[in-house]
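Trainee: One structure follows; several queries about it will come next.
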Amino acid sequence: MAIFRGSLYSRCLDMRTDITAMLPSDSEPAPPQGIIFLLHGLSDNSHCWEERTMLPVFAEEHNVAVIMPEVQRSWYADLTNGPQYFSYVSTELPKLAEKLFGLRFPRERTAVMGLSMGGYGALKCGLTFPERFGVCCGFSSACDVWTDRESYQHTQLRREMDALLSDGSVSREKADLFVLAEKAMEKGVIPRIYTTCGKQDRLYDMNIRMKDHLARLGYGNVYEEWEGTHNWYFWNESLRRALDRFFPAPQKR
0 MAIFRGSLYS
10 RCLDMRTDIT
20 AMLPSDSEPA
30 PPQGIIFLLH
40 GLSDNSHCWE
50 ERTMLPVFAE
60 EHNVAVIMPE
70 VQRSWYADLT
80 NGPQYFSYVS
90 TELPKLAEKL
100 FGLRFPRERT
110 AVMGLSMGGY
120 GALKCGLTFP
130 ERFGVCCGFS
140 SACDVWTDRE
150 SYQHTQLRRE
160 MDALLSDGSV
170 SREKADLFVL
180 AEKAMEKGVI
190 PRIYTTCGKQ
200 DRLYDMNIRM
210 KDHLARLGYG
220 NVYEEWEGTH
230 NWYFWNESLR
240 RALDRFFPAP
250 QKR
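In numbering that gives the first Met the number 0, the protein residues as written are 0 to 252.
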């Protein structure tokens with residue numbers, strides 16, 4: 000794989016921001032079979048997937064391009080008094096991927112995936128713009144921001160969450176995954192959804208509620224759970240399973 004680490008200027012953010020891109024570089028002229036926008040969690044950055052999982056090996060085996068943006072602790076929100084992170088990831092970033100790397104794919108080969116806060120962001124992207132993202136995967140997702148806020152005892156994190164939820168940046172209409180799932184179903188276009196959660200994960204209950212909600216709406220979503228907690232061992236395996244499901248490895252010649 001060819002790995003690019005750098006920064007770019009985002010109009011939505013009105014600043015430069017870090018990005019990591021991973022592109023197939025096989026000597027044979029075989030274009031990637033799809034693109035994945037891979038989102039980081041609350042305490043991570045745009046490098047973590049590459050540094051802490053077998054992503055380079057998986058991406059090469061499955062011949063996919065991977066774009067990993069930086070969003071700080073924004074919860075993938077368009078902040079009322081700050082940068083427009085959701086618009087950046089969901090709308091501007093796909094255009095930049097096409098402009099900078101020539102990566103343009105039909106929706107069925109365009110995926111958004113993420114872990115924890117990034118799982119929330121991935122589901123938010125897929126359910127808000129199902130016509131753009133045909134595949135959506137959330138691993139140990141923080142499916143309910145309002146409930147998740149109550150778990151933060153760390154003073155700084157709790158202050159950030161209180162500010163985010165109190166200024167209208169994260170409204171039920173635009174940011175509640177349960178509401179967005181209903182709206183997407185009304186559009187008549189829905190993504191293929193795959194979610195996972197460890198049985199010992201602190202976010203297990205909200206993932207079960209999300210899984211059941213999607214099933215009641217008729218999504219035909221796939222959910223898997225196994226022994227595990229909120230850690231990189233679990234997310235590495237989740238990523239492998241997601242790639243096997245949606246971007247099967249090409250047959251070796």
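Note that the Cβ used here is the ideal one computed from N, Cα and C, for glycine as well.
1. Determine the extent of the beta strand (DSSP E) in which A64 is found, giving its start and end residues.
2. What are the uninterrupted segments assigned as beta strand (DSSP E) that are 3 or more residues long and contained completely in the region 64-136, given in chain order?
3. Could you pull the start and end residues of the alpha helix (DSSP H) that I207 belongs to?
4. Would you decide whether D43 is buried or exposed? Buried here means 16 or more other CB atoms lie within 10 Å of its CB.
5. Quick check: the Cα distance between R215 and G5, rounded to an integer number of angstroms?
6. V144: which of W74, N220, E226, I207 sits nearest, CA to CA?
7. Measure the alpha-carbon distance for C135 versus T228 and round it to whole angstroms.
8. Ignore the nearest five residues each way along the sequence and tell me which others in Y151's own chain have a CB closer than 8 Å to its CB.
9. For the alpha helix (DSSP H) that contains S165, what are its first and last residues?
10. Find the nearest neighbour of A141 within the set C196, L179, R106, D77, judged by alpha-carbon distance.
11. Do E130 and R106 count as a contact pair if the criterion is CB distance below 8 Å?
Mentor: This is what the structure holds:
1. As a position in the sequence shown, residue 64 is number 65, starting the count at 1. Here the beta strand (DSSP E) through A64 covers 64-68.
2. 64-68, 109-114
3. In the sequence shown, counting from the first residue as 1, residue 207 sits at position 208. Segment 203-216, the alpha helix (DSSP H) holding I207.
4. Locating residue 43 in the sequence shown gives position 44, counting from the first residue. Label assigned to D43: buried.
5. For the purposes of this step, residue 215 is identified with residue 216 of the sequence shown, where counting begins at 1. For the purposes of this step, residue 5 is identified with residue 6 of the sequence shown, where counting begins at 1. The straight-line gap from Cα to Cα measures roughly 43 Å.
6. Position 145 of the sequence shown, counted from the start, is the residue given in the question as residue 144. Checked all of W74, N220, E226, I207; the closest Cα to V144 is W74.
7. Here the question's residue 135 lines up with position 136 in the sequence shown. Here the question's residue 228 lines up with position 229 in the sequence shown. Their Cα atoms are separated by approximately 21 Å.
8. As a first step, residue 151 is located in the sequence shown; it is residue number 152 there, counting from the start. Closer than 8 Å at Cβ, skipping near neighbours: R157, M160.
9. By one-based count along the sequence shown, residue 165 stands at place 166. Counting along the chain, the alpha helix (DSSP H) containing S165 begins and ends at 154-165.
10. Taking the sequence shown and counting its residues from 1, one reaches residue 141 at position 142. Closest option to A141, Cα to Cα, is C196.
11. Taking the sequence shown and counting its residues from 1, the one referred to as residue 106 is at position 107. Taking the sequence shown and counting its residues from 1, the one referred to as residue 130 is at position 131. Their beta carbons are under 8 Å apart, which means R106 touches E130 by this criterion.
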